[in-house]
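Student: Count along the sequence shown from 1, then add 104; that gives the number in our numbering.
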Amino acid sequence: MSKPEKDSLDREIKRIAEDPGIGTEKKGDLRGVFVHKFKFKTTRYLLAYRMVAGDLELVMIGPHENYYRDMKQYLKSR
105 MSKPEKDSLD REIKRIAEDP GIGTEKKGDL RGVFVHKFKF KTTRYLLAYR
155 MVAGDLELVM IGPHENYYRD MKQYLKSR
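1. Buried or exposed: where does Lys127 fall if 16 or more other Cβ atoms within 10 Å of its Cβ makes it buried?
2. Leaving out five residues before and five after Arg119 in sequence, what residues of the same chain have Cβ atoms less than 8 Å from its Cβ?
3. If Pro167 sits next to Arg182, beta carbons under 8 Å apart, how far is it from one beta carbon to the other, in whole angstroms?
4. In the DSSP output, what is Tyr46 paired with across the bridge?
5. Note the first and the last residue of the continuous alpha helix (DSSP H) segment covering Leu113.
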């Protein structure tokens, strides 16, 4: 990740920490996981997170392509 992308990601994480309800809660297999969408330049990123024992856990970040499929595989492997 480039420095500008990292700075943008840091700003979005701060927004989530201040208001965890900013994202959209997923349903079904992904219940309890929230996804916050944001754009950097021309790329739209999705940032998945959840609350675990009162702490914010960042799950995955990436572009939209195959995002949910990859996230399901990741969560099943944990």
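Even glycine gets a Cβ: it sits at the ideal position worked out from N, Cα and C. Because the structure is a prediction, the values reported are computed rather than measured.
Tutor: On the basis of the supplied data:
1. Inspection of the sequence shows that residue 127 is occupied by Gly rather than by Lys. By the neighbour-count criterion, in which 16 or more other beta carbons inside 10 Å mark a residue as buried, Gly127 falls on the buried side.
2. Annotation for Arg119: Ile126, His140 place their beta carbon closer than 8 Å to its own, counting only its chain and skipping 5 residues before and after.
3. With a Cβ gap of about 22 Å, Pro167 and Arg182 do not count as contacting.
4. Within the shown structure, residues of the chain are numbered from 105 to 182, placing residue 46 beyond reach of any answer.
5. For Leu113, the enclosing alpha helix (DSSP H) covers residues 107 to 122.
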